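Data block below; observations after.
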Amino acid sequence: MKEKKHLFFDLDGTIVDSSPGIYASIAYSLEKMGRELLSPEVLRTFIGPPLLDSYLNLGMTAKEANEGVAFYREHYRQGALFQATVYEGLPELLAHLSEENQLYIATSKPEVFAKEMLEKFALADYFQGIYGADLAGERDSKAKVLAYALEGAGNVAKNRSWMIGDRKHDMTGAYANQLPGIGVLWGFGDRKELESAGASHCVATPGELLAYCEQI
């Protein structure tokens, strides 16, 4: 019997389009700090990397960035968390893949928020484990989150494991943990970004992802 595959999924931009809630929480945080709102292009850069890094990239000091994160989370946990939609075809994809494979979440979103979101959208049961960042900021990179997920999954065979995501951080996190990365093109990164970051393969639709996962 063929050994099961272990598929580690990113969340934001891969399974759900969470941009409405994320953008609203960013706007709230900047308003509370008396700062100007951001352009759509800059807002998109917030989806993927650790939240603190995104605020630091605006030129904030560490103290200001931490304040921004606190205001963001204040707004996010009050309901913006659920201002999201599941990408079309994802529930069917997860249902199919989970029949013969082990699925996990590895996200830079705080784990507590990831679990709440997946429960809300009735997707949590497809996953053997849901792993994310911690609120204290210890797991502050995708590489650390994925290492934590791999440990939680029981140190699975890396030659039967893959990371699936939509941003360069997913691919570099995969590389840091000696996993191949599969890039999805329906999220917030494009093919150039993903391939430059080391994606071993890119897919344009959930159907393509299913077909690829069945052949690897």
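Each residue of the sequence shown is one higher than the one before, starting from 595 at the first, in our numbering. Each residue gets a CB set at the ideal place from its N, CA and C atoms; glycine is no exception. Keep in mind that this is a model prediction, so the values were computed, not measured.
Do Y720 and G746 have their C-beta atoms closer together than 9 Å?
To locate residue 720, count along the sequence shown from 1; it is residue 126. To locate residue 746, count along the sequence shown from 1; it is residue 152. Going by C-beta atoms, Y720 is not nearer than 9 Å to G746.
Considering just the uninterrupted stretch of the beta strand (DSSP E) at K703, what are its terminal residues?
As a working mapping, residue 703 is identified with position 109 in the sequence shown. Per DSSP, K703 belongs to the beta strand (DSSP E) from 696–704.
For the alpha helix (DSSP H) holding G723, just list the boundary residues, first then last.
Taking the sequence shown and counting its residues from 1, the one referred to as residue 723 is at position 129. That residue, G723, is in no alpha helix (DSSP H); its beta strand (DSSP E) goes 723–727.
What do you reckon, are the CB atoms on D611 and G781 nearer than 9 Å?
Translated into positions along the sequence shown, residue 611 becomes position 17. Translated into positions along the sequence shown, residue 781 becomes position 187. Yes. Within cutoff.
Excluding the five sequence neighbours on either side, which residues of its own chain have a C-beta within less than 7 Å of the C-beta of K752, listed in chain order?
Here residue 752 refers to the residue found at position 158 when the sequence shown is read from its first residue. Closer than 7 Å at Cβ, skipping near neighbours: Q772, L773.
Beta carbon proximity, K599 to chain D, threshold 9 Å
Looking for chain D here will not work: only one protein chain is present.
Under a three-way DSSP split, which group does L882 fall into?
This structure cannot settle anything about residue 882, because the visible part of the chain is limited to 595 through 810.
Going by the DSSP bridge assignment, what does C796 pair with across the sheet?
Against the sequence shown, residue 796 aligns to sequence position 202. Per DSSP, G777.
According to the Cβ coordinates, are D764 and D604 closer than 9 Å?
Your numbering for residue 764 matches position 170 in the sequence shown. Your numbering for residue 604 matches position 10 in the sequence shown. With contacts defined as CB atoms closer than 9 Å, D764 and D604 qualify as a contacting pair.
Using 8 Å as the Cβ pair cut-off and three pairs as the minimum, do the region 649–660 and the region 695–714 touch?
Touching, no.
Going by CA-CA distance only, name the one from M757, E597, A768, P614 that's closest to V680.
Your numbering for residue 680 matches position 86 in the sequence shown. V680 has its Cα closest to that of P614, out of M757, E597, A768, P614.
Residues near G607 by beta carbon distance below 7 Å, same chain, minus five either side:
Counting from one through the sequence shown, the residue named residue 607 turns up at place 13. Closer than 7 Å at the Cβ level, and outside the excluded window around G607, lie I641, G642, D760, R761, G781, F782.
By DSSP, does G748 sit in helix, in strand, or in coil?
Here residue 748 is taken as the residue at index 154 of the sequence shown, counted from 1. The three-state reading of DSSP puts G748 in coil, since its state is none of H, G, I, E or B.
My output table needs one value for T655: the three-state DSSP class, helix, strand or coil.
As a working note, residue 655 is residue 61 in the sequence shown. When DSSP states are grouped into helix, strand and coil, T655 belongs to the coil group.
Check D606 in the structure and name its three-state DSSP category.
If you number the sequence shown from 1, residue 606 lands on position 12. In this structure, DSSP gives D606 an extended state, which the three-state scheme calls strand.
Buried or exposed, going by whether 16 or more other CB atoms sit within 10 Å of the CB of K703?
Residue 703 sits at position 109 when you count from the first residue of the sequence shown. Classification for K703: buried.
In the structure shown, what three-state DSSP assignment does D719 receive?
One-based indexing of the sequence shown puts residue 719 at position 125. DSSP, reduced to helix, strand and coil, places D719 within a helical segment of the structure shown.
Which residues bound the beta strand (DSSP E) around I616?
Start at 1 with the first residue of the sequence shown, and residue 616 comes out as number 22. Per DSSP, I616 belongs to no beta strand (DSSP E); it is in the alpha helix (DSSP H), 613–626.
Do the CB positions of A618 and Q677 come within less than 9 Å of each other?
For the purposes of this step, residue 618 is taken as residue 24 along the sequence shown, with counting starting at 1. For the purposes of this step, residue 677 is taken as residue 83 along the sequence shown, with counting starting at 1. Between A618 and Q677, the C-beta gap is smaller than 9 Å, which places the two residues in contact.
For a minimum of 4 consecutive residues, which ranges assigned as the alpha helix (DSSP H) are wholly contained in the region 632–685?
Within the region 632–685, complete alpha helix (DSSP H) segments of at least 4 residues are found at 634–638, 645–650, 656–670, given in chain order.
Report yes if the CB atom of C807 is closer than 9 Å to the CB atom of W756, and no otherwise.
Here the question's residue 807 lines up with position 213 in the sequence shown. Here the question's residue 756 lines up with position 162 in the sequence shown. A contact, by the Cβ cut-off of 9 Å.
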